[in-house]
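Numbering (UniProt numbering), first residue to last: 1 to 974.
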């Protein structure tokens, strides 16, 4: 039988080393592994914590409902992951999480989209109940798709679909509960009906609230300067009117409202001038604007000021509407008049402007005269027949404007000047088309009485960022009323009945309560459209005398009632939404809560910015820069985006300063992916070096750790404090920055390098090795817990592999969850500032030694740092410090084969800084004595030139003194 070939020496000694090994894969394989971990990280976890933490303090992050219309986008991902990180952090801190996802299901966009599906159907003639059926189907489809996305994103919630696990504003129970808010506001006199100008969307065919507007800076209007000839002079103008034609000049960006003009507003304390712009022709404008008007508009270098008056002196004068001299335009006073632009005289159409309306009503209230007004524009934005045959049927913002300007040009001297003007203008935020102001009969919530209460309540609400407080307070102060009625079918009806003869409304707490009972018994608000009037009316009312109202409540009233319908009136710990919700859900929730329970519905508000592409542009289909979450999670070949998985995208959220605008794109995700990979590889290295470590039996007591290991625990304690503070203050990006710095600077570049030798080469159970493993165990737990709120699947996977290694269970059989194990917990003794100061000096020393070794390598003097020994000639203070440190630790820290210490007697080559004190030191890096140990590769006098012997440390670790003995021992084992 032929002899066995000799084993390579390297293979022999490698078998005696404690080489790293772990089943935790280097690659995440996220698209496969994340779904496998989903139940453990999400649904099962939520159910378990609800079951096992019944007595724990509850944390309520109230979910602002996304619109049940279409797919979720990257902004939704940002929002939901921010919420999820906060919930998961609180879960780790021992709270019971009460998180109920919600959907905003009513409203115009859903109704329009549902109708668009019907294509050729005569939608204008469709029965409201049929519209509602199609809208409900569309909302349910959207909810199903969005729910699937939220689960894939790892959002912690109960996704079983059981009652109470989610809320929909179209659920009958929600609708009925919403009426409790409305009923209380009716009882307290906060709900009223009025005929006044409101924001009206011709493209949507409904009234809008301020919160439903967005502003375009690129809107172009046709501006015009127009003369209103004095018709009936009074007071100071009388004498001047005898010998000249006097006209008040106005400037407007809405010429289409001129047919509805009923007055001219002057400011009582403003000085007005009569300018002679032609012989016997006097134009009345504000004195402050006279020069600019004369030169720029009237084309005169120097117009003569004939006389001046205050605005108050002009009351009583009557001017003629330039389109119809028979129509009076009376002089009014208004504080909204300024000299920022125009002429200081404001054209007033009370049916088409809120300031106009208030000035008109105030004047007639003071004089006891008729304040009636007529709106000449219909719901589609077209002139009615009352506007006259020249305008009837024309859309006011296009052909209507052109027709008015043409008529003014034909009227003698009426049109002074006309030009297009690019300016900021309100748009319907759903249809993205311009709105108008139009007087209609609507229902309003009175808000002026809530202002003081609201500001007081907000003093008790914490806000992040702090600057967001001003936005919410400003929106609260600027609203005196809220138009809550909408002219749509898909929504919660305003439960009002009208007397068919007098049009007087029947709306009382009792009538609302009756409608609530009917709806609760008949499947919700559909009953309003399907049941006969006799069942909807409260008992004792004749159905023949009434008709039911067809308006629905503003959807912001729907979602703004969730604090009662979902939370039952208890305040939420946090509302977290985009910054646009200061005028939306934050505000509507505040207003309804103030009205009913006289306090804010939330303890804290957190806001985030919006998503931009990597060039800082808003994402839009026309620009082709839209990235949806699935593009990043599952990959998009067209854009060369690999499948990063959910955790990488969640990590992106955690690295952003979400309080500002947030950018994302392919280049961003490459960087984020690298960061996640570094965290993963660090965890893998730690797991691999803990493969034979059982923390139940192998942990080394603090007092038995080396000074280096104690120093690392100090750094871990500081890191844990920084991480905790980051999560507590919602600065998630600072958490990741601190963790990345620790991994790169303290753990990888310093400690891992300094302890590799003892991890690999000491005997498995050697206290010196177990000391390092104890630190690695604490480091792994810290990193694992710190990343858990962010990359939840990865964190859970790391924990499972960590426990599987020492319990010897299959990975997927490991019970429990990292989220139920508690938060970071360092011991008080870990924090040792004095030790940290000493090791700051030692790290400086290490840095200087490394520089000297690198210079030797660059010259070719050595190939490896282990070929070197370091001679340290130190000052007394430094020598005393070094004497505290185990020599083996110093060797490993310097990455050399030996360190010698001696007093400094000559000149120093370096000066180390210990706070304000200087520590001189002289460093010599010399070639190590002896030969390289074939096992640990350190140079040692114990090793012979042929490298057949082991160094003394390796001999003890292996129980053999030579390579030959190792081979024999290996043969026996085999």
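Where is the CB? At the ideal position from N, CA and C, for every residue including glycine. This structure is a prediction, so every number in the text was calculated from the model and none was measured.
Could you name the residues of the same chain whose beta carbon sits closer than 8 Å to that of residue 243, not counting the 5 residues immediately before and after it, in chain order?
280
Where residue 589 falls, given that 16 or more other Cβ within 10 Å makes a residue buried
buried
Where in the segment 877-927 do unbroken runs of the alpha helix (DSSP H), each at least 4 residues long, occur, reported from the N-terminal end onward?
887-894
Run through the segment 636-695 for me and flag every whole alpha helix (DSSP H) of 4 or more residues, listed as ranges in chain order.
645-655, 666-688
Between the Cα of residue 42 and the Cα atoms of 726, 88, 55, 69, which residue gives the shortest distance?
88
Let me check understanding here. Comparing Cα to Cα, which of 372, 367, 337 lies closest to residue 351?
372
Cβ-Cβ distance between residue 934 and residue 947 below 9 Å:
yes
What does the alpha-carbon distance come out to for the pair residue 955 and residue 921?
35 Å
Backbone secondary structure at residue 954 - three-state DSSP
helix
Ends of the alpha helix (DSSP H) at residue 357?
354-367
Euclidean distance between Cα positions of residue 857 and residue 866
11 Å
Quick check on residue 809: buried or exposed, where buried means 16 or more other Cβ atoms within 10 Å of its Cβ?
exposed
If contact is defined by three or more beta carbon pairs under 8 Å, each pair taking one atom from either stretch, is the segment 391-411 in contact with the segment 169-184?
no
Distance CB(residue 853)-CB(residue 878) smaller than 9 Å
no
Given that a residue counts as buried once 16 or more other Cβ atoms are within 10 Å of its Cβ, and exposed if not, what is residue 470?
exposed
What do you reckon, are the CB atoms on residue 627 and residue 662 nearer than 9 Å?
no
Report yes or no: do the segment 124-140 and the segment 579-596 share at least 3 C-beta pairs separated by less than 8 Å?
no
Consult DSSP for residue 959 and reduce its assignment to one of helix, strand or coil.
coil
Counting only the same chain and skipping the five closest in sequence on each side, list residues whose C-beta sits under 7 Å from that of residue 196.
357, 439
For residue 317, does the three-state DSSP call read helix, strand or coil?
coil
Select from 861, 176, 190 the residue whose C-alpha is nearest the C-alpha of residue 449.
190
Kindly indicate which three-state DSSP category residue 424 falls into: helix, strand or coil?
strand
Which whole runs of the alpha helix (DSSP H) in the segment 16-64 are 4 residues long or more, in chain order?
30-41, 43-52
Less than 7 Å between C-beta atoms, sequence neighbours within five positions excluded: which residues of the same chain meet that for residue 355?
334, 336
Can you find the residues in the same chain that come closer than 6 Å, C-beta to C-beta, to residue 2, ignoring five residues on each side of it along the sequence?
Because the pLDDT of residue 2 is 47, which lies under 50, any placement of that residue in the model is unreliable, and the number read from its coordinates should be weighed accordingly. So the list is empty, once near-sequence residues are dropped.
Give the C-beta separation of residue 760 and residue 19 to the nearest angstrom, bearing in mind that I take them to be a contact with Cβ-Cβ under 8 Å.
7 Å
Nearest residue (CA-CA) to residue 106, options 460, 490, 70:
490
Contact check, residue 34 vs residue 801 under 8 Å by CB: the rounded distance?
At roughly 15 Å, the Cβ-Cβ gap does not stay under 8 Å, so residue 34 and residue 801 are not in contact.
Identify which residue in 198, 639, 474 has its Cα closest to the Cα of residue 426.
198
Return the bridge partner residues of residue 868 from the DSSP annotation.
927
Euclidean distance between Cα positions of residue 58 and residue 819:
15 Å
On the DSSP letters alone, give me the boundaries of the beta strand (DSSP E) that residue 221 sits inside.
213-232
DSSP puts residue 606 in a beta bridge; with which residues?
464, 576
Let's see if you can read the secondary structure: which residues bound the beta strand (DSSP E) around residue 483?
481-483
By alpha-carbon positions, which one of 783, 382, 321 ends up nearest to residue 412?
321
Three-state class that DSSP yields for residue 207 in the structure shown:
strand
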